[in-house]
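Scroll down for the structure; my scribbles are underneath it.
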Amino acid sequence: MKHGDNPLTLETRREKLGTSVLTATSVLFVRQNLPLPPPEFVDDRDGWTTRVEGVNRPGEIRVDQLKRLGLMTIATVLQCSGNGRKYYKHDPSGSPWAVGAAGCVMWSGVPLRDVVAHFGGVAKGMRYLTATGGEPLPEGIDRNQVVVERSIPIEKALDDCLLAWEMNGEPIPRSHGGPLRLIVPGYFGCNQIKFLKNLAFTREQGPAKIQQTGYRMRPIGEPGSPDQPGMWEMQVKSFITLPTEQTPVVAGKIRVTGVAFGGMKAVAKAEVSTDGRSWQKARWVGPDLGRYAWRVFELELAREPGPVKLYSRAVTVDGEVQPELRNENERGYGNNSWRDMGVTVQVCHPDDAICLTPPKPKDDAPAGPRKPVVLSESGKRGRKIFRETAQPPCATCHTLSDAEAMGAVGPNLDELGRSAQQIEAAVTNGVGAMPPFGETLADEQISDVARYVYEATRRD
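Read left to right, the sequence shown gives residues 0 to 459 (numbering that gives the first Met the number 0).
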């Protein structure tokens with residue numbers, strides 16, 4: 000499922016995840032905070048250089064030199080912070096992920112602690128590792144507003160993190176951050192910095208917006224703040240991969256499969272329910288690849304024809320149970336609700352050919368033609384603000400045909416299809432690299448911009 004072209008955003012359908020523990024690179028979700036760098040980024044993989052700072056002997060190191068320092072292979076769940084955002088009722092900004100912004104990947108690289116030792120150890124007083132991606136940044140915009148740069152606690156950095164150059168036995172492709180990516184086992188994907196260009200041990204968390212106010216667990220309606228919880232550790236979670244709404248099954252014994260993981264902890268068991276009250280323990284299928292990988296589970300159920308709701312929940316080795324309800328928050332982060340992840344499956348009589356015909360996915364339907372743009376007075380004012388008044392101008396970062404804008408940092412607004420209310424909330428509070436214009440524009444100006452973008456992109 001495609002959620003956006005620029006930056007590229009692709010989600011894996013449940014039924015495409017397969018039954019292997021590892022997720023094939025070809026179907027793994029793709030999430031970029033900035034436009035995908037040019038192909039020449041991976042032309043000289045071994046010559047890719049990363050700078051290391053905040054150590055006793057700061058310096059630079061190439062990938063071919065990293066390969067001589069040590070080797071570590073680890074399987075981890077890679078999951079976007081917003082996986083499960085689709086289920087929030089307040090329509091949070093960002094890609095409407097269901098469950099497919101997750102996968103289990105085998106990474107190979109060098110332990111970060113070995114790299115640190117090569118540079119003489121961490122300098123005194125450092126508390127965080129701050130990692131910076133090497134994506135090209137647009138001119139005319141404050142670096143800290145757009146750079147992909149995240150900080151994690153130093154204890155985690157020196158424990159089991161690695162600098163990876165391979166995923167699933169192949170060089171990391173450009174779409175997943177090659178030639179070099181920081182891997183932080185058990186942490187959300189936003190911390191797994193792609194195109195790794197700089198590593199710095201620092202006393203404070205980095206100054207980038209993506210760290211200071213982005214990826215924060217904040218109450219609905221409130222702007223991001225450094226004092227809010229950051230999106231570091233993942234929580235216990237599971238979801239069913241087969242059957243789904245797209246895969247009707249024949250009555251009798253039906254086989255339910257899914258995946259379960261514990262974030263920072265190993266999972267002890269997975270359970271399946273048809274009513275959310277009574278649960279049956281599933282059996283594990285395939286190898287256990289370690290506490291940071293997910294486990295595949297399976298259970299057979301006897302069902303008569305008719306619709307059935309299927310839920311799963313996971314339990315960690317220390318007894319933490321996947322919760323029924325989601326954690327309500329502004330950006331729709333960290334959803335691990337077993338109720339939200341449930342699926343409704345059609346169980347069919349073996350002779351019912353119509354029932355057994357898989358429905359066409361809704362998002363595969365062609366979009367209707369866009370009507371000629373007709374702007375209200377508010378929309379006309381908003382167009383001027385979009386192109387000129389806002390600082391930086393919205394047209395600098397976004398693509399919007401009516402505004403003759405071809406920006407490549409933010410989402411392509413021609414494809415986004417958001418309501419005026421959603422757009423207004425995003426402009427006010429800021430999303431991703433976009434600053435919170437609620438601090439620089441009047442409420443009426445923000446309303447005008449939202450009205451303009453809505454009117455310039457609607458199809459109804």
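Just so you know, even glycine gets a beta-carbon here, dropped at the ideal spot from N, CA and C.
Determine the contact status of residue i and residue j, defining contact as a CB-CB distance below 8 Å.
i, j, result
"residue 187", "residue 99", "no"
"residue 150", "residue 129", "yes"
"residue 461", "residue 194", "Nothing about residue 461 can be read from this structure; the chain reaches only from 0 to 459."
"residue 181", "residue 164", "no"
"residue 39", "residue 49", "no"
"residue 53", "residue 113", "no"
"residue 347", "residue 391", "no"
"residue 269", "residue 316", "no"
"residue 259", "residue 277", "no"
"residue 67", "residue 177", "no"
"residue 148", "residue 211", "no"
"residue 61", "residue 47", "yes"
"residue 71", "residue 7", "no"
For residue i, count neighbouring C-beta atoms within 10 Å of its own C-beta (all shown protein chains included) and say buried if the count is 16 or more, exposed if not.
i, result
"residue 331", "buried"
"residue 403", "exposed"
"residue 25", "exposed"
"residue 447", "buried"
"residue 55", "exposed"
"residue 1", "exposed"
"residue 421", "buried"
"residue 418", "exposed"
"residue 299", "exposed"
Nearest CA to the CA of residue i: which residue from the options?
i, options, result
"residue 427", "440, 415, 273 and 418", "440"
"residue 91", "57, 455 and 429", "429"
"residue 75", "312, 412, 104 and 266", "104"
"residue 416", "384, 444 and 451", "451"
"residue 425", "37, 401, 50 and 94", "94"
"residue 345", "248, 219 and 87", "248"
"residue 117", "392, 64, 10 and 251", "64"
"residue 413", "457, 446 and 384", "457"
"residue 349", "423, 213, 253 and 298", "253"
"residue 291", "45, 5, 78 and 110", "78"
"residue 357", "191, 243 and 278", "243"
"residue 167", "84, 21 and 176", "21"
"residue 380", "443, 11 and 131", "443"
"residue 279", "135, 293 and 297", "297"
"residue 202", "398, 123 and 286", "123"
"residue 154", "171, 175 and 183", "183"
"residue 335", "9, 33 and 85", "85"
"residue 396", "17, 34 and 81", "34"
"residue 354", "246, 192 and 294", "246"
Can you tell me whether DSSP reads residue i as helix, strand or coil?
i, result
"residue 196", "strand"
"residue 182", "strand"
"residue 18", "coil"
"residue 87", "coil"
"residue 315", "strand"
"residue 135", "coil"
"residue 347", "strand"
"residue 203", "coil"
"residue 428", "helix"
"residue 70", "coil"
"residue 289", "coil"
"residue 152", "strand"
"residue 38", "helix"
"residue 114", "helix"
"residue 109", "strand"
"residue 123", "coil"
"residue 449", "helix"
"residue 414", "helix"
"residue 104", "strand"
"residue 140", "coil"
"residue 275", "coil"
Can you list, in chain order, the residues of its chain whose CB lies under 8 Å from that of residue i, leaving out five sequence neighbours each side?
i, result
"residue 239", "13, 255, 256, 257, 271, 309, 310, 311, 340, 341 and 342"
"residue 57", "50, 51 and 118"
"residue 217", "223, 224, 227, 328, 329 and 330"
"residue 16", "22, 26, 99, 102, 240 and 258"
Output needed for residue i: all residues of its chain with C-beta closer than 6 Å, excluding positions within five of it in sequence on either side, in chain order.
i, result
"residue 374", "454"
"residue 152", "none"
"residue 319", "235"
"residue 437", "427"
"residue 338", "323"
"residue 410", "3"
Within its chain, find whatever has a CB closer than 7 Å to the CB of residue i; leave out the 5 residues flanking it on each side and keep chain order.
i, result
"residue 232", "185, 186, 262 and 263"
"residue 372", "401, 454 and 455"
"residue 219", "89, 327, 328 and 329"
"residue 156", "111 and 128"
"residue 136", "142, 145 and 146"
"residue 287", "294"
Any heavy atom of the ligand FMN closer than 7 Å to the beta-carbon of residue i?
i, result
"residue 43", "Within the structure as shown, the ligand FMN is missing, as the structure has no ligands at all."
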